[in-house]
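>
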Amino acid sequence: MKTGTALFTALLICLPFAAHAADGSGSEHFDGTVDRDGAVVNGSGGHAPGRAATPRNRTAPGTEMPAEWSPPVEYRDVPSCPENSPSNPEVVFCLGAIEPCAKRKNGRGYLSRVYMRRQGENSWSYLGATCAPEEITGEAPRKELTVADIQRVFTHLSFATPVPSMQPVDNQSLINLPVYFQMSWPPEGHQPGSTHSADLLGHRIDIAVTLQQIEYIFGDGQSSGPTRSVGGPYPTGDIRHAYRTAGIYSPSVTVALGANYRVDGGPWATLPGISSRNTSFPQLTVHTASNRLRS
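504 is the number of the first residue of the sequence shown in the working numbering; add one for each residue after it.
1) Of the choices 650, 783, 695 and 632, whose alpha-carbon is the least far from that of residue 662?
2) To the nearest angstrom, how far is the alpha carbon of residue 628 from that of residue 619?
3) Could you give the C-beta distance for residue 746 and residue 678, rounded to a whole number, given that I count them as a contact under 8 angstroms?
4) Take residue 681 as the anchor and find which of 653, 764 and 748 has the nearest alpha-carbon.
5) Which whole-angstrom value is the C-beta distance of residue 716 and residue 736, which I expect to be below 8 angstroms?
6) Could you give the distance in angstroms between the alpha-carbon of residue 530 and the alpha-carbon of residue 638?
7) Could you give the C-beta distance for residue 667 and residue 721, rounded to a whole number, given that I count them as a contact under 8 angstroms?
8) Considering residue 745, what are the terminal residues of the beta strand (DSSP E) in which it resides?
9) Answer with buried or exposed for residue 785, where buried requires no fewer than 16 other C-beta atoms within 10 angstroms of its C-beta.
10) Should residue 622 be labelled buried (16 or more other beta-carbon atoms within 10 Å of its own) or exposed?
11) On the criterion of 16 or more Cβ atoms from any shown chain inside 10 Å, does residue 685 qualify as buried, or is it exposed?
12) At what residues does the beta strand (DSSP E) containing residue 761 begin and finish?
13) So within the region 637-704, which uninterrupted alpha helix (DSSP H) runs reach at least 4 residues, ignoring any that extend past its ends?
14) To the nearest angstrom, report how far apart residue 563 and residue 575 are at their CA atoms.
15) Could you check which residue in 761, 675, 589 and 731 has the C-alpha nearest to that of residue 772?
16) According to DSSP, is residue 749 helix, strand or coil?
17) Leaving aside the five residues before and after residue 558 along the sequence, list all residues of the same chain whose C-beta is less than 7 angstroms from its C-beta, in chain order.
18) Note the first and the last residue of the continuous beta strand (DSSP E) segment covering residue 787.
19) What is the rounded straight-line gap between the Cα of residue 577 and the Cα of residue 598?
20) Going by the beta-carbon positions, is the gap between residue 674 and residue 787 smaller than 8 angstroms?
21) With a 10 Å radius around its C-beta and 16 neighbouring C-beta atoms as the bar for buried, classify residue 651 as buried or exposed.
22) Between the Cα of residue 770 and the Cα atoms of 792, 710 and 750, which residue gives the shortest distance?
23) Under a three-way DSSP split, which group does residue 623 fall into?
24) Less than 7 angstroms between C-beta atoms, sequence neighbours within five positions excluded: which residues of the same chain meet that for residue 585?
25) Considering Cα atoms alone, identify which of 743, 732 and 765 is closest to residue 800.
26) Check for me: the beta strand (DSSP E) holding residue 714 runs from which residue to which?
27) Quick check: the Cα distance between residue 579 and residue 589, rounded to an integer number of angstroms?
28) Looking at the structure shown, is residue 734 part of a helix, part of a strand, or coil, going by DSSP?
29) Suppose contacts are defined by Cβ-Cβ distances below 8 angstroms. Is residue 614 in contact with residue 648 by that definition?
The structure is reproduced here in structure tokens:
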């Protein structure tokens, strides 16, 4: 996948090119090859997909207008995620855009879709996807790694979902009898104590997942409040709740995960922001106890 992306970038710069309108309507196209400055090497048709109206355009005798002048070209690149388009100014990141380019030491660290249009046109022409859009658009490559870049990687980690359990194990209880709640972590997914490492914008980053807080919601309007306890079984568990009214309840648990990070093996720092995971316990039925005299 990564080799294919790098090869595509090279092809997009140096090999025959044909642009297609992003809306599928079709547009003027160029058949030939161009150099990295966008100047025509050979071919015919519309202006090549580089920087139009450059000094390489020839000037017609007795005029200041290039003899083969084309309107300036505007480029736009967006992360290669379904929500993004050249007409949508909002930028949404997804793991599918980060993974293909995470180990490249140049470029922006994520896969971008690149579009172009000439001045005066409304529709965008799709050029392709690349890890280094600046090689096409002529923009200076982005080299500075920011905390926001690391936050995006953290947000798109595959986090584990807590596994809840409670006692009594048959999900039946009596009023005023404590119910014991507990949660655990499955073997799959990022969870407190796990570390994710990646190469981003030429830097090695490590993200260590931490537990911020847990809150048990009992389903009767009461909760445990913020805690770090994973609870436990009868009789030692410290997350327990007695229901005062008979009925059917749907308890749940919400876990807030945070992270520490470091860059290139440097000191650890706290990463701003959290990721919340929510899961439900089995439905609990609470019965009313009744006393009977036996003769």
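C-beta atoms are modelled at their ideal positions from N, C-alpha and C, and glycine is treated no differently.
This is what the structure holds:
1) With respect to the C-alpha of residue 662, the residue from 650, 783, 695 and 632 having the closest C-alpha is 695.
2) Note on geometry: alpha-carbon atoms of residue 628 and residue 619 lie some 5 angstroms from one another.
3) Confirmed, Cβ separation roughly 6 angstroms.
4) Looking at the Cα atoms, 748 is the closest of the given residues.
5) About 22 angstroms; that fails the 8 angstroms criterion.
6) Since pLDDT at residue 530 reaches only 35, below the 50 mark, its modelled position is unreliable, and no value is offered.
7) Actually they are not in contact, since the Cβ atoms of residue 667 and residue 721 sit about 12 angstroms apart, beyond 8 angstroms.
8) That run of the beta strand (DSSP E) goes 743-745.
9) Under this definition residue 785 is an exposed residue.
10) Its Cβ having fewer than 16 others within 10 Å, residue 622 is exposed.
11) Around the CB of residue 685, 16 or more other CB atoms lie within 10 Å, so the residue is classed as buried.
12) That run of the beta strand (DSSP E) goes 755-766.
13) Fully enclosed alpha helix (DSSP H) runs of 4 or longer: 637-640 and 650-658.
14) At residue 563 the pLDDT is 41, less than 50, meaning the model places this residue with poor confidence and gives no usable figure here.
15) Here the closest residue by C-alpha is 761.
16) Three-state result, residue 749: coil.
17) Note on residue 558: pLDDT 32, under 50, position unreliable in the model; no value is reported.
18) Run containing residue 787: 787-790, per the beta strand (DSSP E) assignment.
19) Per the coordinates, the alpha-carbon of residue 577 lies some 28 angstroms from the alpha-carbon of residue 598.
20) Judged by their CB atoms, residue 674 and residue 787 are nearer to each other than the 8 angstroms cut-off.
21) Exposed.
22) Residue nearest to residue 770 within the set 792, 710 and 750 is 710 (criterion: CA-CA distance).
23) Of the three classes helix, strand and coil, the one that applies to residue 623 here is coil, per DSSP.
24) So no residue of the chain qualifies.
25) Outside the shown range of the chain, which is 504 to 798, sits residue 800, and nothing can be said about it.
26) DSSP places residue 714 inside the beta strand (DSSP E), whose first and last residues are 706-720.
27) One Cα belongs to residue 579, the other to residue 589, and the distance between them is close to 6 angstroms.
28) If DSSP states are grouped into helix, strand and coil, residue 734 belongs with the strands.
29) If you check the CB distance, residue 614 and residue 648 do not come in under 8 angstroms.
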